[in-house]
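Counting in the numbering used here, the final residue of the sequence shown is number 427, and the numbers go up one at a time with none missing.
For each residue, glycine too, the CB sits at the ideal point set by N, CA and C.
Remember, it's a predicted structure, so these values are computed and weren't measured experimentally.
Everything on this sheet refers to the single structure shown next.
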Amino acid sequence: MRTYFGAALATAQVVALDSASAAAHAHVRAAQSMERNGLVTHSDVLLASVRANELDAQLAAAAGGATLARRQLATLLAMPGAVADVAPHFPSGEALRAEVAPDTVEANAAPRADLRAAALGAQSAALDARRVRAAYLPRLNAFGRYDWHALSRPYEGLPSWTAGVMLSWSPFNGGGMLSDVRRADAQRAAAGTAAQAADAQARFEEAQTRTDLVVALQRLQLADLSAAQAVEAHRIVT
């Protein structure tokens, strides 16, 4: 979405700067005519030329930026060979207001994959810490065995079986187990802190986005009024 509207903004900047450059060059020609008639000095003509050249430089930079923005958008759309066919544009104010429902600001944010990943990471670290601690506990194992002797061996083919239970515990293994427990606890604490930080950052971004949406809607209303005023001023001048 940002790439699309970035390309649309770059294209609009090229259009605006092209009109500004044309107007600046027309002003230079008017200044040259006034200089020939003795109404302005040569310094005024040079000043107008400098301004026109600045706009030409801005226009060239904007045109290059618009091409790169369209190329990036085409790459994102898996159309790297169709850069010229990508022509993003801004929707109208009415379309934007129709897209943004009145309760959008109060709507609940959709679940985020990064927050789920952070929460699962914290859960994984907690389970790993439990696993390391469980390895320090005594172990109880059971085993069984069933044998069948061949006729050419002792017992002449009689079967035999064995069953048993084994209890093992290593209360001291040189400190390795204690080190593993502390490392697992540290990883659990780090994962939990990272999950809390991600959640706090997500809440901040959500609040910031809601504020940006309210400001954007107000700016859209102001932009519509400014555009209407500019159209009316152009009509009067014409």
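Counting the other Cβ atoms within 10 Å of the Cβ of residue 210 gives 16 or more, which makes it buried.
Residue state for residue 223 is assigned as helix, using DSSP reduced to three classes.
In the three-state scheme derived from DSSP, where H, G and I count as helix and E and B as strand, residue 373 is classed as helix.
By the C-beta density criterion, residue 426 is exposed, having fewer than 16 other C-beta atoms within 10 angstroms.
Residues 298 of the same chain have their beta carbon placed closer than 8 Å to that of residue 395, with the five preceding and five following residues left out of the count. Around the beta carbon of residue 217, 16 or more other beta carbons lie within 10 angstroms, which makes this residue buried. Inter-residue distance for residue 335 and residue 351 is about 6 Å (C-alpha atoms, whole angstroms).
DSSP links residue 355 through a beta bridge to 330. Here residue 313 carries a helix assignment [DSSP, helix/strand/coil]. If you draw a straight line from the Cα of residue 191 to the Cα of residue 399, it comes to about 17 Å.
Distances from the CA of residue 197 to each of 231, 253 and 259 were compared; the closest alpha carbon is that of 259.
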